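Letter by letter, the sequence shown follows residues -28 to -1, 1 to 117 of mature numbering (1 follows the signal peptide of the UniProt record, and there is no 0).
Where is the CB? At the ideal position from N, CA and C, for every residue including glycine.
Since the model is a prediction, treat every value here as computed from it, not as a measurement.
What follows is a short report on a single structure.
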Amino acid sequence: MKVKFMRMSAITALIAMPLLMPAATAVADQSVTDVGPVHTDPIEVSPGTFTLSIESPDGMVRAASLTCGPEAGTHPDATTACQQLIEADGYLERVPPAQSMCPAIYEPVTVEATGRWNSQERSFVGSFGNSCQAVAETGGVIFQY
């Protein structure tokens, strides 16, 4: 009985195959569509995002966020700050100091930047005699907010 069932299934499949072939071919023909030109331009990825902070001796903290590529965040001059970071490959300690005159007033501040640049963690902490020195020594823009 089992052998008979298998023979019938095989015979049924052989009979049905020519009937199903046109339908399978039609489905295959419909699945090929023109998707237009293929673009191989690289996708622009954000090189980095930083959280910036300036802490004064009384414990007051000012903070800003900075995202580069495209520029975004709460930093008031993200375009210039990002350009400085791009030139320094995201290392704040490599940003050249700005030529600036600062008052000889001692009001120490600590600046900190933490984030990621090209998928690598970056961190910078610096202590300066006052906020003007902190801004000037870190390029004149990054901590200017």
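Residue j beta carbon less than 8 angstroms from that of residue i
i: G98; j: A106; result: yes
i: T39; j: T52; result: no
i: P42; j: Y117; result: no
i: A50; j: A44; result: yes
i: residue 121; j: Q56; result: Examination of residue 121 is not possible in this model, given that the chain is present from -28 through 117 alone.
Same chain, Cβ closer than 6 angstroms to residue i, five either side skipped, listed in chain order
i: S95; result: T86
i: E84; result: S25 and V97
i: R34; result: I26
i: L(-15); result: In this predicted model, L(-15) has a pLDDT of only 46, less than 50, meaning its place in the structure is not dependable; the value taken from the coordinates is given anyway. Counting only Cβ-Cβ distances below 6 angstroms, and skipping sequence neighbours, we find nothing.
Given residue i as reference, the closest of the options once Cα atoms are compared
i: P68; options: A50, Y117, N102 and E109; result: E109
i: S28; options: E93, T82, N90 and Q116; result: T82
i: G101; options: Q116, T46 and Y78; result: Y78
i: Q92; options: P80, I114 and G62; result: G62
Beta-carbon proximity list for residue i, same chain, < 8 angstroms, skipping 5 on both sides
i: G31; result: none
i: P75; result: N102 and C104
i: S72; result: C104, V107, A108 and G112
Same chain, Cβ closer than 7 angstroms to residue i, five either side skipped, listed in chain order
i: A60; result: R66 and V67
i: A70; result: A108, G111 and G112
i: R88; result: G20, T21 and R94
i: K(-25); result: Note on K(-25): pLDDT 48, under 50, position unreliable in the model; no value is reported.
Unbroken beta strand (DSSP E) run spanning residue i, endpoints
i: S72; result: From DSSP, S72 is part of no beta strand (DSSP E); its letter is neither H nor E.
i: V27; result: The sequence given here places Glu at residue 27; Val does not occur at that position. Taken as a continuous stretch (DSSP letters only), the beta strand (DSSP E) holding E27 covers G20 to E27.
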